Amino acid sequence: MNILVLNGSPRKNGNTEIMADAFIEGARKKGHMVEKVNLGNRKIAPCLACEFCFTHNGVCVQKDDMAEILDKVDSADMIVFASPVYWFSISAQLKAAIDRLYARARKGFNIRYAALLLDSASDGVYRSAIAAYEDICAYLRWENKGILTVPGMDAKGDMEHSEGVKKAYDLGINLASE
């Protein structure tokens, strides 16, 4: 399976990236092809809702880093959204990329599976992010392969010494081969 991981954390080598890398390690160990895109260092403008993409086979009118990401989306069987939780939802970096997936609304997706990896300092802050993810999966008929939430991430690097690393690895390793 070809898996695309969108890391929505702006923090390089932070808790979200550590969690995403553990998932990737598990998935690769099972023979899956995995590519990670760190959205924190990409220029992705908000969707303009101009619908240029609807009349141009999914090509977005904006010329930014999302064009490359959309090419990766086109060849993915699975997408994994990884994000820290900021103010009860995903990061702005990941939200911008998800909104720009609209460019494929008419063209369609090859993606059949998805997963969600979330971390935060506090527990009980995941409901909005999970609800949006589940709605995306339901609407696009993507099979949810798992949701992981890891609270208690107060400082950069806390993930390395948490159960979250093992759980993310296990999620990656337990993906059924397609």
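183 is the number that our numbering gives the last residue of the sequence shown; the numbers go up by one with no jumps. Glycine included, C-beta positions come from ideal geometry on N, C-alpha and C. As the structure is a prediction and not an experimental result, all values here were calculated from the model.
* **Candidates K171, I116 and A102: closest to G13 by CA position** => With distances taken between Cα atoms, G13 lies closest to A102.
- prompt: If we count Cβ pairs, one from each stretch, closer than 8 Å, do we get three or more for the stretch 47-55 versus the stretch 67-86?
  reply: They touch, by the three-pair rule.
- Start and end of the beta strand (DSSP E) containing E148? That run of the beta strand (DSSP E) goes E148 to V155.
Check your understanding: Apart from the five residues just before and just after V85, which ones in its own chain have a Cβ nearer than 6 Å to its Cβ?
Key -> Exclusion of the five residues before and after V85 leaves V10 and A120 as the residues of its chain whose Cβ lies within less than 6 Å of its Cβ.
Alpha-carbon spacing of T154 relative to K17, whole angstroms: Taking the straight line from one Cα to the other gives about 20 Å.
Point to revise | Same chain only: Cβ atoms within 7 Å of W92, ignoring 5 sequence neighbours per side | key: Within the same chain, W92 has no close Cβ partners at all.
Legend entry - D26 to Q98 span [Cα, whole Å]: Each residue's alpha carbon lies about 18 Å from the other.
- Task: Excluding the 5 residues preceding and the 5 following K161 in the sequence, name in chain order all residues of the same chain whose CB lies nearer than 6 Å to its CB.
- Result: By the criterion of a C-beta distance shorter than 6 Å, K161 is surrounded in its chain by G19, once the five residues flanking it on both sides are discounted.
(request) Please report the Cβ distance between P156 and D128, rounded to the nearest whole angstrom; I am assuming they are in contact, meaning their Cβ atoms lie under 8 Å. (result) Indeed they touch by this definition, with Cβ atoms about 4 Å apart.
Worksheet item: N115 by DSSP, collapsed to three states: which one?
Response: N115 carries a coil assignment under DSSP once its states are collapsed to helix, strand and coil.
### Task
State the Cα-Cα distance for the pair V78 and A143, rounded to the nearest angstrom.
Per the coordinates, the alpha-carbon of V78 lies some 18 Å from the alpha-carbon of A143.
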